[in-house]
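Numbering follows my numbering, in which position 218 of the sequence shown is assigned residue number 251; successive positions increment by one, without gaps. Virtual Cβ for every residue (Gly too), placed ideally from N, Cα, C. What follows is one structure encoded as structure tokens, with my remarks underneath.
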Amino acid sequence: TCFIGISFFKTQKRASHMRTSVAQAFDENGEGLVLRGHSFKWDENKDGRTPHLPGDLAASLITMVLERYKQERRQIPRRVVIHKSSRFAIPETDGFEEALKGKVQEYDLVSLSETSDVRLIRSGMFPPLRGTCFNVGIDNYLYTSGYIRSRQSYPHGHVPSPLRITDHVGDTPEQQILSEVLSLTKMNWNSANMYSKVPITLLFSRLVGDIMREIPESMEPLPKYKYYI
């Protein structure tokens, strides 16, 4: 399985209508790739705060990831999972599916939101256990931080909030999707912490974007993830 996180950064430091997509791809062993997509126009005043890829650029970005993955691994992944920190727009979904159909056997699209106004209240001194999940309507909520039973403690001072997981496109059971998200929060090799709140696919999106902004468009960024953490 290849896990891909999609994020965006402003092409210029100052206010700009241009955005550039970034794909961070990881295999099941935590080996990662970082690829820069094409720039596109996005006006927050007219289009909204959260960027969405046009369909053709969404397809192009995933095609680029699959080609680079094949160069590095000598094979195409059997399954691809795409994580995005915002909801999927219809053109994005269409573009991603266009790039994946016929090339991989299985794929899943998953939206992960770090902010949530939903909380669980647990009796006793500690918050819900890490790994606790529940659903409200069609949305799933997963506590990636919380009380750790093996350590009999909660290592943070704030009240934890769950990740909101929605917009799932694909045939993989929801339980497996949630389990994979939880596992990917423990794949930050750059930290001694037991876990991060968000999966590695999206954890360093802002940092990677800041680095990518400084790389001229005429220069191809180094694809190895180790150069960005």
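Checklist entry - Do you know how far the Cα of Arg107 is from the Cα of Val151? => result Rounded to whole angstroms, Val151 to Arg107 spans 44 Å at the Cα level.
Checklist entry - Since Ser178 contacts Pro193 with CB under 8 Å, what's their CB separation in whole angstroms? => result Confirmed, about 4 Å.
Checklist entry - What number of angstroms, rounded off, separates the C-alpha of Lys43 from the C-alpha of Gly190? => result In a straight line, the C-alpha of Lys43 is about 33 Å away from that of Gly190.
Item to check | Reduced DSSP secondary structure (H/G/I, E/B, other) of Asp164 | outcome: Contrary to the premise, residue 164 reads as Gly rather than Asp in this sequence. In this structure, Gly164 counts as coil in the three-state DSSP scheme.
Next on the checklist: Does the contact criterion of 3 or more C-beta pairs under 8 Å hold for the region 130–138 versus the region 101–115?
Outcome noted: Under the Cβ criterion (8 Å, minimum of three pairs), the region 130–138 counts as touching the region 101–115.
Next on the checklist: Can you confirm whether the region 192–211 touches the region 160–168 when touching is taken to mean that 3 or more C-beta pairs between the two stretches lie within less than 8 Å?
Outcome noted: At 8 Å Cβ cutoff, the stretches touch.
Checklist entry - To the nearest whole angstrom, what separates the beta carbons of Gly242 and Val67, a pair I think is in contact under 8 Å? => result Contact between Gly242 and Val67 is absent: CB atoms are separated by about 10 Å, not below the 8 Å threshold.
Checklist entry - Taking buried to mean at least 16 other C-beta atoms within 10 Å of its own C-beta, is Thr83 buried or exposed? => result With fewer than 16 other Cβ atoms within 10 Å, it is exposed.
Checklist entry - What's the C-alpha gap between Met220 and Ser149? => result When rounded, the distance between both Cα atoms is 23 Å.
Item to check | Limits of the alpha helix (DSSP H) - the one that Phe73 falls within | outcome: Not the alpha helix (DSSP H): Phe73 falls in the beta strand (DSSP E), residues 65–74.
Next on the checklist: Alpha carbons only, please: which of Asn173, Gln208, Gly70 is nearest the one belonging to Ser251?
Outcome noted: Among Asn173, Gln208, Gly70, the Cα nearest to that of Ser251 belongs to Gly70.
Next on the checklist: Less than 8 Å between the C-beta atoms of Leu142 and Ser118, yes or no?
Outcome noted: Cβ atoms of Leu142 and Ser118: not closer than 8 Å.
Checklist entry - Quick one: is Gln57 buried, meaning 16 or more other Cβ sit within 10 Å of its Cβ, or exposed? => result It is buried - the Cβ of Gln57 has at least 16 other Cβ atoms within 10 Å.
Next on the checklist: So, under 8 Å CB-CB, Ser229 and Leu236 are touching, yes? Tell me the CB distance rounded to an integer number of Å.
Outcome noted: With a contact defined as Cβ atoms closer than 8 Å, Ser229 and Leu236 qualify at about 5 Å.
Next on the checklist: Quick check on this structure: which residue in Tyr140, Lys259, Glu64, Leu90 has the alpha carbon closest to the alpha carbon of Gln209?
Outcome noted: Distance from the Cα of Gln209 is smallest, within the candidate group Tyr140, Lys259, Glu64, Leu90, for Tyr140.
Checklist entry - What are the complete alpha helix (DSSP H) segments, minimum 4 residues, inside the region 187–257? => result Taking only runs of at least 4 residues, the alpha helix (DSSP H) segments lying wholly in the region 187–257 are 207–217, 233–236, 238–246.
Next on the checklist: Helix, strand or coil for Val114? Go by DSSP, reduced to three states.
Outcome noted: Here Val114 sits in strand by DSSP.
Item to check | Alpha-carbon spacing of Asp104 relative to Ile154, whole angstroms | outcome: Going by the sequence as given, residue 104 is Gln instead of Asp. If you take the alpha carbons of Gln104 and Ile154, they lie about 48 Å apart.
Item to check | Local Cβ density within 10 Å of Gly170, reported as buried at 16 or more and exposed below that | outcome: Classification of Gly170: exposed, given that the 10 Å Cβ count is below 16.
Next on the checklist: Let's test the definition: count the other Cβ atoms within 10 Å of the Cβ of Trp75 and tell me whether it reaches 16, buried, or not, exposed.
Outcome noted: The residue in question, Trp75, is buried, as its Cβ has 16 or more Cβ neighbours within 10 Å.
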